[in-house]
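There are 2 protein chains.
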Amino acid sequence: MPEEQLAPRGFRFSTTEAGIRKTGGADLVLIVSDAPASAAGTFTNNRACAAPVTLSSKHLRQSRGRAWVIVANAGNANCATPNAMKVAEATAAAAAKLAAVKPAEVLVASTGVIGVPMEVTQIPSALPQAFRDLDAHKWQEAAAAILTTDTRSKIARRDCGPARVLGFAKGAGMIHPRMGPPHATMLAFIVTDARIAPPNLQKITSAAVSRTFNCISVDGDTSTNDTVFVLANGAAGNVPEARIAKAIEEVMLDLAKAIAADGEGARRLVKVEVTGARNDAEADTVARAIGNSPLVKTAIAGGDPNWGRILSAAGASGAPIDPTKVAITLQGVPVCRKGVALDFNESSLGYAMGANREVRVDVSLGRGKKKAVFWTCDLTEGYIRINASYRT
Amino acid sequence: MPEEQLAPRGFRFSTTEAGIRKTGGADLVLIVSDAPASAAGTFTNNRACAAPVTLSSKHLRQSRGRAWVIVANAGNANCATPNAMKVAEATAAAAAKLAAVKPAEVLVASTGVIGVPMEVTQIPSALPQAFRDLDAHKWQEAAAAILTTDTRSKIARRDCGPARVLGFAKGAGMIHPRMGPPHATMLAFIVTDARIAPPNLQKITSAAVSRTFNCISVDGDTSTNDTVFVLANGAAGNVPEARIAKAIEEVMLDLAKAIAADGEGARRLVKVEVTGARNDAEADTVARAIGNSPLVKTAIAGGDPNWGRILSAAGASGAPIDPTKVAITLQGVPVCRKGVALDFNESSLGYAMGANREVRVDVSLGRGKKKAVFWTCDLTEGYIRINASYRT
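First to last, the protein sequences are chains A and B.
Counting in this note's numbering, the first sequence runs from 1 upward without gaps.
Counting in this note's numbering, the second sequence runs from 1001 upward without gaps.
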């Protein structure tokens, strides 16, 4: 196996068909570290969060940021059912027993339909086989097994001196993560063999999530199950912290962009960059409002350089912008300056937007020096088809 | 003409083809009162608001709530163009001259594409004919001429003792009005022959708008041009203020619901009612989050009783709800209690949702006694088709 396909040292992976996914196929992912790993997590801030979110958050506190095992399933969110917490707890307990570790050293995550009960024994009874199948090479299968409406796997990796960082993620709909510390349904699991102390790993994770996964949106709906886990088992020894932090953030950004690009029904990734804001919050508010506007997203789907919708979304964002200072550039072409129309060739710009897999929207507010970047996708009839059809 | 087709006394209407609408047809609406009318308005809070919004707001202040004339056009928002304010001012000045009133006694409103310049003379040159064509019976034509992507006119009326209240409105996309006082592109014009002093009319208007037009959404995008005008010319004399206020609010609610029901691509009106909130703001936040969720709206389009999306939207609203206290009823059928699934017949409920033009979503938060109602529509492929096609 070539070097670039090797996982970080000391991690093994497996996938199992536990019968959770209605459509069949592998739906259970197991990640096990051969040594106790520093563990960090961020979770959805949805008040109706799923049981695995509540339990994993508690486990991270109890273990003071140590974990050996991640158990993740697709096909059922394990959320808003009478026995959701029992399912999560039984899963962690069964995995802990098989790994000979404490339950608090097991992290769990789920994605799928909300409100449909699972049998408490369903995941635990599949875990023995999952443990038998563990293999250092099976991370690609694991990346595939957690997908739901995704059309492709999302995998990213970076090398960082002797250490490797590998991440995989899922998510295509109900995507607008706003995760708090040791608090998307996006799931992302990142493993590295660098050595990092738990508090530092949490700090690195929270900062990186705020600039990556928390800056994407498919539909503006924040899930009950969004979860990012980072495990660092130290098998490759020490690496300068700034470098490993950068590598982890780069892996997260690759994954976050891959989620936005694979949004339900999406044909294009959209990068919204807002500059000239008075402060970070203002830049973020405007970028998020533009990236979440159905009218902006449908215009991009139609290859329509309808910048008026961008200006309107910025104006309605709640940020105290001055429209007469706003400049807008679409795919590098200036279309609006001082809040009014510029002459530009609409048909060639429309063609350029339509021909590209990535569309750039740059908005300058002319009020200050702060900026924000937000990633989204175009909004097509495919999104409606996927979500207006009966639950799968 | 039967009584129920008579406009309030002392108002005349006309429609003209001024060549603003690319697709042709009447695009200019004139409403003239035969006596000076008390005038009230609410306008979009979009910072990138259109010139007619800025000018009419100023006119209402300058005239201390008096107006004779409303000039409205469809086909161009008169927003974000170098000469937008000149167009608005020239329109008001020309109408004032023809009506022999002051420019500040003329109110203007526009709807259509943003950022496309108009000729300053375009509306003024059509106004003489518009004034010649004024007629007390032409309000149905007027209600039709302001439509854009609407599929039908929105008209409502109430009688209130001797006084009549008549309103018409347009709006199908970019609908999430959040209007402030003497501050949607929804436009609504309401005329009554009741006598009401200007400050009272503004108070009645602002209160009624906050409970009607400000409680609807099609796509969550707040327009640059949303405007409600209410004129009361006193031709029918005095009416108890509480009664006329009620009639005005009823007319607004009819119009607001008609806008939500005719949302771009919509097949169903959706009524979201949140009860058991700790305070009004909490109830409003949750109702608005559910009504603006693409996943809730696509589920309703698909006749899918997927209440998990409703719970998730409530949980992500930002309101500090406790999911274990939440109960959800869909079309009168309890589907979730204490935050977990109830047994219900999914296929018959799905059928009931699909067979109705109006779907009811009732959410009880179990935290207090406050409630809020929000109106929206389902989200279908038609919305994408309308908005991803090139501008018309």
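Cβ atoms here follow ideal geometry from the backbone N, Cα and C, with glycine treated the same way.
- Not a single C-beta of chain B is nearer than 7 Å to the C-beta of residue 106 of chain A.
- Straight through space, the alpha carbons of residue 1135 of chain B and residue 1011 of chain B are spaced by roughly 8 Å.
- Collapsing the DSSP output to three states places residue 1339 of chain B in coil.
- Residue contact with chain B for residue 221 of chain A: present (Cβ-Cβ distance below 7 Å to some residue of chain B).
- Taken in chain order, the members of the region 1328-1341 of chain B whose beta-carbon sits within less than 8 Å of a beta-carbon on chain A are 1336, 1339, 1340, 1341.
- Contact of residue 1295 of chain B with chain A is assigned, a C-beta pair being separated by under 7 Å.
- Per DSSP, residue 1354 of chain B is one residue of the alpha helix (DSSP H) stretching across 1346-1355.
- Below the 8 Å Cβ cutoff, chain B contributes 1341 as neighbours of residue 117 of chain A, in chain order.
- The region 1246-1259 of chain B makes no contact with the region 1321-1337 of chain B, as fewer than three CB pairs between them are under 8 Å.
- Taking a C-beta cut-off of 9 Å against chain B, the contacting residues of the region 161-177 of chain A are 173, 174, 176, listed in chain order.
- Using a Cβ-Cβ cut-off of 7 Å, residue 312 of chain A counts as an interface residue toward chain B, since at least one Cβ of chain B sits closer than that to its own.
- Where residue 1020 of chain B is concerned, there is no enclosing beta strand (DSSP E), because DSSP gives it neither an H nor an E.
- Burial check for residue 1238 of chain B: the Cβ neighbour count within 10 Å stays below 16, so the residue is exposed.
- The residue from B:1040, B:1227, B:1225 with its alpha-carbon nearest to that of residue 1062 of chain B is B:1040.
- Along the length of the region 1259-1291 of chain B, whole alpha helix (DSSP H) runs at least 4 residues long occupy 1280-1291, reported in chain order.
- For residue 307 of chain A, the residues of chain B that pass the 7 Å Cβ criterion are 1115, in the order they occur in the chain.
- Burial state of residue 1024 of chain B is exposed, judged by a 10 Å Cβ sphere holding fewer than 16 other Cβ atoms.
- For residue 1152 of chain B, no beta strand (DSSP E) segment is defined, and its DSSP state is neither H nor E.
- Close CB contacts of residue 1269 of chain B within its chain, under the 7 Å cut and outside five residues either way in sequence, are with 1257, 1260, 1261, 1357, 1358, 1375, 1377 (chain order).
- At a cut-off of 7 Å between C-beta atoms, residue 1050 of chain B does not count as an interface residue with respect to chain A.
- Cβ-Cβ separation between residue 1251 of chain B and residue 1165 of chain B: approximately 5 Å, consistent with a contact (criterion under 8 Å).
- Taken in chain order, the complete alpha helix (DSSP H) segments of 4 or more residues contained in the region 30-86 of chain A are 51-62.
- Within its own chain, the residues whose Cβ lies closer than 6 Å to the Cβ of residue 1292 of chain B, once the five positions on either side in sequence are excluded, are 1217, 1220, listed in chain order.
- One alpha carbon belongs to residue 67 of chain A, the other to residue 1286 of chain B, and they sit about 36 Å apart.
- Excluding five sequence positions before and after residue 360 of chain A, the CB atoms of its chain that fall closer than 6 Å to its own CB belong to 271, 331, given in chain order.
- Judged by DSSP secondary structure, residue 298 of chain A falls within the alpha helix (DSSP H) whose first and last residues are 294-301.
- From the listed residues A:89, A:31, A:234, the smallest Cα separation to residue 51 of chain A is found for A:89.
- Counting C-beta pairs with one atom in each stretch, the region 1199-1216 of chain B and the region 361-372 of chain A have fewer than three that are closer than 8 Å, which means they do not touch.
- Only residues of its own chain outside the window of five on either side were considered, and among them 1072, 1109, 1111, 1146, 1169, 1170, 1171, 1225, 1226, 1227, 1228 have a CB closer than 8 Å to the CB of residue 1187 of chain B, listed in chain order.
- In the three-state reduction of the DSSP assignment, residue 9 of chain A falls in the coil class.
- With distances taken between CA atoms, residue 21 of chain A lies nearest to A:116 out of A:116, A:101, A:8, A:70.
- A distance below 6 Å between beta-carbons, with the five flanking residues on each side excluded, links residue 1327 of chain B to the following residues of its chain, in chain order: 1337, 1364.
- Taking 7 Å as the cut-off between beta carbons, none of the residues of the region 1020-1032 of chain B comes near chain A.
- Here residue 1119 of chain B is exposed, its C-beta having fewer than 16 other C-beta atoms within 10 Å.
- Interface annotation, residue 1389 of chain B: in contact with chain A, CB-CB separation under 7 Å.
- The C-alpha of residue 1381 of chain B lies about 26 Å from the C-alpha of residue 1373 of chain B.
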